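Engineer: Chains A and B supply the protein sequences, listed in that same order. Residue numbers for the first sequence follow my numbering, so the first one is 3 and each next one is one higher. Residue numbers for the second sequence follow my numbering, so the first one is 3 and each next one is one higher. Following this message is one structure expressed as structure tokens.
Protein chains: 2
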Amino acid sequence: MPASRSLIQGDDMYAIPIRDFFKSAFSVDCVIFGYHAGELKVLLIQRGSEPFENFWALPGDLVYPDEDLDSAANRVLMDLTSLTDIPIRQVHTFGKVDRHPLGRVITVAYLALVEFTELSPHASSWARQTRWHPISRIPRLAFDHKEILDRSVLDLKTLVLTEDIWSKVLPEKFTLTQFQEFFECVLNKRFDKGNFRKKLSGAPFLRQLNETQKNVSHRPSLLYSLDRKKFQSARAKGFAFDF
Amino acid sequence: MPASRSLIQGDDMYAIPIRDFFKSAFSVDCVIFGYHAGELKVLLIQRGSEPFENFWALPGDLVYPDEDLDSAANRVLMDLTSLTDIPIRQVHTFGKVDRHPLGRVITVAYLALVEFTELSPHASSWARQTRWHPISRIPRLAFDHKEILDRSVLDLKTLVLTEDIWSKVLPEKFTLTQFQEFFECVLNKRFDKGNFRKKLSGAPFLRQLNETQKNVSHRPSLLYSLDRKKFQSARAKGFAFDF
DNA sequence: TACACTTATTGTATTTTATACAAAATGTTA
DNA sequence: TAACATTTTGTATAAAATACAATAAGTGTA
Numbered sequence: 003m004p005a006s007r008s009l010i011q012g013d014d015m016y017a018i019p020i021r022d023f024f025k026s027a028f029s030v031d032c033v034i035f036g037y038h039a040g041e042l043k044v045l046l047i048q049r050g051s052e053p054f055e056n057f058w059a060l061p062g063d064l065v066y067p068d069e070d071l072d073s074a075a076n077r078v079l080m081d082l083t084s085l086t087d088i089p090i091r092q093v094h095t096f097g098k099v100d101r102h103p104l105g106r107v108i109t110v111a112y113l114a115l116v117e118f119t120e121l122s123p124h125a126s127s128w129a130r131q132t133r134w135h136p137i138s139r140i141p142r143l144a145f146d147h148k149e150i151l152d153r154s155v156l157d158l159k160t161l162v163l164t165e166d167i168w169s170k171v172l173p174e175k176f177t178l179t180q181f182q183e184f185f186e187c188v189l190n191k192r193f194d195k196g197n198f199r200k201k202l203s204g205a206p207f208l209r210q211l212n213e214t215q216k217n218v219s220h221r222p223s224l225l226y227s228l229d230r231k232k233f234q235s236a237r238a239k240g241f242a243f244d245f
Numbered sequence: 003m004p005a006s007r008s009l010i011q012g013d014d015m016y017a018i019p020i021r022d023f024f025k026s027a028f029s030v031d032c033v034i035f036g037y038h039a040g041e042l043k044v045l046l047i048q049r050g051s052e053p054f055e056n057f058w059a060l061p062g063d064l065v066y067p068d069e070d071l072d073s074a075a076n077r078v079l080m081d082l083t084s085l086t087d088i089p090i091r092q093v094h095t096f097g098k099v100d101r102h103p104l105g106r107v108i109t110v111a112y113l114a115l116v117e118f119t120e121l122s123p124h125a126s127s128w129a130r131q132t133r134w135h136p137i138s139r140i141p142r143l144a145f146d147h148k149e150i151l152d153r154s155v156l157d158l159k160t161l162v163l164t165e166d167i168w169s170k171v172l173p174e175k176f177t178l179t180q181f182q183e184f185f186e187c188v189l190n191k192r193f194d195k196g197n198f199r200k201k202l203s204g205a206p207f208l209r210q211l212n213e214t215q216k217n218v219s220h221r222p223s224l225l226y227s228l229d230r231k232k233f234q235s236a237r238a239k240g241f242a243f244d245f
């Protein structure tokens with residue numbers, strides 16, 4: 003395509019009328035990962051209408067003309083889970099010409115991570131049902147959602163090492179074992195217990211509490227909490243886990 | 003916004019007619035980084051028309067209705083530099099409601115890295131002029147392009163450690179010193195010469211050639227070349243530089 | 001109470017990697 | 001041939017990663 007087709011940049015000699023450009027839509031799709039006790043799942047909806055009626059799909063929606071992209075992603079998350087205040091991250095934008103049967107629709111994928119037992123997603127007008135699916139067993143998905151999901155799983159692995167998106171999956175007070183199990187699950191690796199703790203022992207963002215586990219039939223663990231401020235400032239200086 | 007406004011998902015009781023969603027456009031903007039001899043620059047254009055006439059801006063264009071996102075980014079790069087076969091990477095999508103004066107336009111930012119002396123970008127119908135600007139001295143930019151650029155500089159630092167987008171900035175045959183200088187420049191760090199080489203000495207993707215520098219007034223360096231295949235397979239196994 | 005049991009926590013010895021710095025090598029140039 | 005500039009190799013030390021063992025502190029049970 004010659005540059006001269008361009009209009010918005012100023013040359014309209016052979017240009018497509020600009021109104022022909024303003025006939026597209028964009029959507030957001032949310033990859034909502036759920037973690038609990040060593041299991042990683044993803045929240046899917048079963049579509050209630052065409053196209054791809056009855057197919058499982060990532061929850062998503064068209065973006066309103068007067069709505070920011072990030073707001074749209076938060077809205078979808080909110081509609082489905084009633085959760086606000088969940089950190090979300092943009093992953094990638096998928097824009098193949100024919101990816102949507104109804105017209106030209108590109109979609110911006112977002113990723114979130116929550117504790118899935120704390121959350122009962124409601125079916126909604128547009129979702130026949132919602133269900134947590136283990137990431138290891140995913141049904142056939144609508145649109146290009148499998149590609150979006152695969153990409154997001156990779157991105158999640160990077161993100162847990164650099165950002166505190168895991169802050170919502172651990173209880174307010176957690177043990178180092180829980181902390182380790184989470185990373186083992188997401189990264190799909192095992193760590194030596196002693197060495198894992200040694201690595202974390204200097205971390206300024208882990209506050210050791212004067213409290214221990216209760217009612218466990220073994221030596222109770224010390225409890226820790228996350229100091230978000232200190233994590234952010236460590237991150238700003240370039241900190242990342244090197245698991 | 004209530005979920006019930008959604009239409010594409012199936013509920014049209016209170017919905018905005020779907021045609022009202024298909025009134026947006028999207029563009030791509032290319033952050034073309036140029037490297038040469040320890041200097042990092044970015045290619046900007048001076049806009050030839052409104053909006054933001056005469057402002058410096060990232061090269062970009064609206065995406066045609068029948069054009070994939072990646073193709074559009076390649077087209078912009080091609081129009082401006084006549085270079086094909088440059089690896090590009092999607093960075094982020096910027097979608098604030100009012101980011102474009104002509105209507106709802108979200109933009110997908112792409113990043114590329116080239117050797118800037120090998121390239122004479124042409125001014126074009128839509129670009130009054132083009133110029134390489136050192137990343138340390140950037141003029142006021144049109145739209146939200148400063149935000150896009152800042153974000154891309156950060157992404158570049160991550161990308162050079164994990165992907166071979168640097169493959170186009172080094173000559174076919176290069177010295178380890180050149181290799182080191184490139185990373186020092188982009189990452190804005192200094193490395194010990196001996197230790198830097200030691201780290202690289204095991205790298206299977208660096209082929210040592212039976213050839214040395216010519217016409218240098220000091221001990222000539224051995225020349226190396228990149229084995230792309232081996233780099234890719236190392237990368238697939240999780241390799242990344244840890245500079 | 002004493003002892004088994006389970007997991008937490010600390011420790012230690014070994015290997016590997018990073019770092020700082022120096023020495024030697026190899027071309028050009030005067 | 002010696003000065004010069006950079007490459008290349010080496011070495012000594014410090015730091016970090018790893019494997020694995022020992023000890024601690026609860027619960028449950030004889």
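Note that CB positions come from ideal geometry on N, CA and C, so glycine has one too. Since the structure is predicted, the reported quantities are computational estimates derived from the model, not experimental observations.
Is Ala-144 (chain A) buried or exposed, if buried means 16 or more other CB atoms sit within 10 Å of its CB?
Structural biologist: Ala-144 (chain A) comes out buried.
Engineer: Out of curiosity, what's the CA-to-CA distance linking Gly-62 (chain B) and Arg-142 (chain B)?
Structural biologist: Looking at the two C-alpha atoms, the distance is approximately 17 Å.
Engineer: Would you kindly report the start and end of the unbroken alpha helix (DSSP H) that includes Ser-73 (chain B)?
Structural biologist: Here the alpha helix (DSSP H) through Ser-73 (chain B) covers 71 to 83.
Engineer: With 7 Å as the threshold, decide whether the Cβ of Arg-106 (chain A) is near any Cβ in chain B.
Structural biologist: Chain B, which has a Cβ nearer than 7 Å to the Cβ of Arg-106 (chain A), makes this yes.
Engineer: What is the DSSP secondary structure of Asn-212 (chain B), counted as helix, strand or coil?
Structural biologist: Asn-212 (chain B): strand per DSSP, three-state reduction.
Engineer: Put Ser-126 (chain A) into one of helix, strand or coil per three-state DSSP.
Structural biologist: Note: Ser-126 (chain A) maps to strand in three-state DSSP.
Engineer: Where does Phe-185 (chain B) sit, in a helix, a strand or coil, going by DSSP?
Structural biologist: Residue state, collapsed to three classes: helix.
Engineer: Any C-beta of chain B sitting closer than 7 Å to the C-beta of Asp-13 (chain A)?
Structural biologist: Model confidence at Asp-13 (chain A) stands at a pLDDT of 43, short of 50, so the residue's coordinates are unreliable and nothing is read from them.
Engineer: Which residue marks the beginning of the beta strand (DSSP E) containing Ile-312 (chain B), and which one marks its end?
Structural biologist: This structure cannot speak to residue 312 (chain B), because chain B is shown only from 3 to 245.
Engineer: Just to check my reading of the structure: Leu-79 (chain B) and Val-93 (chain B) have Cβ atoms closer than 8 Å, yes? What is that Cβ distance to the nearest angstrom?
Structural biologist: About 14 Å separates the two Cβ atoms, so there is no contact after all.
Engineer: By how many angstroms is the C-alpha of Thr-164 (chain B) removed from the C-alpha of Arg-237 (chain B)?
Structural biologist: Distance between the alpha carbons of Arg-237 (chain B) and Thr-164 (chain B) is about 7 Å.
Engineer: Ignoring anything shorter than 4 residues or poking outside the region 116 to 178 of chain B, list the alpha helix (DSSP H) runs there in chain order.
Structural biologist: Listed in chain order, they are 147 to 164.
Engineer: Between B:Leu-224, B:Gly-105, B:Ser-227, which lies nearest to Leu-64 (chain B) when the distance is taken from Cα to Cα?
Structural biologist: Out of B:Leu-224, B:Gly-105, B:Ser-227, B:Gly-105 has the C-alpha closest to the C-alpha of Leu-64 (chain B).
Engineer: Can you find the residues in the same chain that come closer than 7 Å, C-beta to C-beta, to Thr-86 (chain B), ignoring five residues on each side of it along the sequence?
Structural biologist: Met-80.
Engineer: Taking any Cβ of chain A, which residues in the region 81 to 99 of chain B have a Cβ under 9 Å from it, in chain order?
Structural biologist: The residues in question are Asp-81, Leu-82, Gln-92, His-94, Thr-95, Phe-96, Gly-97, Lys-98, Val-99.
Engineer: Starting from the beta carbon of Ala-27 (chain A), find every residue of chain B whose beta carbon is closer than 9 Å, and list them in chain order.
Structural biologist: Residues of chain B passing the Cβ test: Ile-10, Ile-20, Phe-23, Phe-24, Lys-25, Ser-26.
Engineer: Can you give me the Cβ contacts of Phe-198 (chain A) inside the same chain, cut-off strictly under 7 Å, excluding the 5 residues immediately before and after it?
Structural biologist: Around Phe-198 (chain A): Gln-182.
Engineer: Could you tell me whether the region 183 to 194 of chain B touches the region 220 to 229 of chain B, where touching means 3 or more Cβ pairs closer than 8 Å?
Structural biologist: Judged by Cβ distances under 8 Å, the region 183 to 194 of chain B makes no contact with the region 220 to 229 of chain B, as fewer than three pairs qualify.
Engineer: Taking Cβ to Cβ, would you say Val-155 (chain B) is nearer than 7 Å to Gly-36 (chain B)?
Structural biologist: Cβ atoms of Val-155 (chain B) and Gly-36 (chain B): not closer than 7 Å.
Engineer: Quick one: using the 10 Å Cβ neighbour count with 16 as the cut-off for buried, is Pro-123 (chain B) buried or exposed?
Structural biologist: By the 10 Å Cβ count, Pro-123 (chain B) comes out buried.
Engineer: How about Leu-64 (chain A): is its C-beta nearer than 7 Å to some C-beta of chain B?
Structural biologist: Answer yes: the Cβ-Cβ gap between Leu-64 (chain A) and chain B drops below 7 Å somewhere.
Engineer: Whose CA, out of A:Ile-88, A:Phe-118, A:Ala-205, A:His-102, lies closest to the CA of Ile-167 (chain A)?
Structural biologist: Of the candidates A:Ile-88, A:Phe-118, A:Ala-205, A:His-102, the one whose C-alpha sits nearest the C-alpha of Ile-167 (chain A) is A:Ile-88.
Engineer: Using only the heavy atoms of the ligand ADP, determine whether one of them is closer than 6 Å to the beta carbon of Asp-100 (chain A).
Structural biologist: Inclusion of the ligand ADP in the displayed structure is not the case, the ligand content being empty and no account of it being possible.
Engineer: Assuming Thr-132 (chain B) contacts Ile-47 (chain B) under a Cβ cut-off of 8 Å, what Cβ separation, rounded to an integer in Å, is found between them?
Structural biologist: That belief holds up - the Cβ atoms of Thr-132 (chain B) and Ile-47 (chain B) are roughly 5 Å apart, short of 8 Å.
Engineer: Counting along the chain, where does the beta strand (DSSP E) carrying Ser-29 (chain B) start and finish?
Structural biologist: Unbroken beta strand (DSSP E) run through Ser-29 (chain B): 27 to 38.
Engineer: Comparing C-alpha positions only, which one of B:Trp-134, B:Asp-72, B:Asp-22, B:Cys-32 sits nearest to Glu-41 (chain B)?
Structural biologist: Selected option, being the one with the closest Cα: B:Trp-134.
Engineer: Leaving aside the five residues before and after Phe-28 (chain B) along the sequence, list all residues of the same chain whose C-beta is less than 7 Å from its C-beta, in chain order.
Structural biologist: Correct list, in chain order: Val-65, Val-107, Ile-108, Thr-109, Val-110.
Engineer: Report yes if the C-beta distance between Lys-148 (chain A) and Leu-225 (chain A) is below 7 Å; otherwise report no.
Structural biologist: No, these two residues do not count as a Cβ contact at 7 Å.
Engineer: Using three-state DSSP, classify Arg-101 (chain A) as helix, strand or coil.
Structural biologist: Three-state result, Arg-101 (chain A): coil.
Engineer: Spatial neighbours of Ser-169 (chain A) within its chain, please: CB distance less than 7 Å, with the 5 preceding and 5 following residues excluded, ordered by chain position.
Structural biologist: Closer than 7 Å at Cβ, skipping near neighbours: Leu-228, Arg-230.
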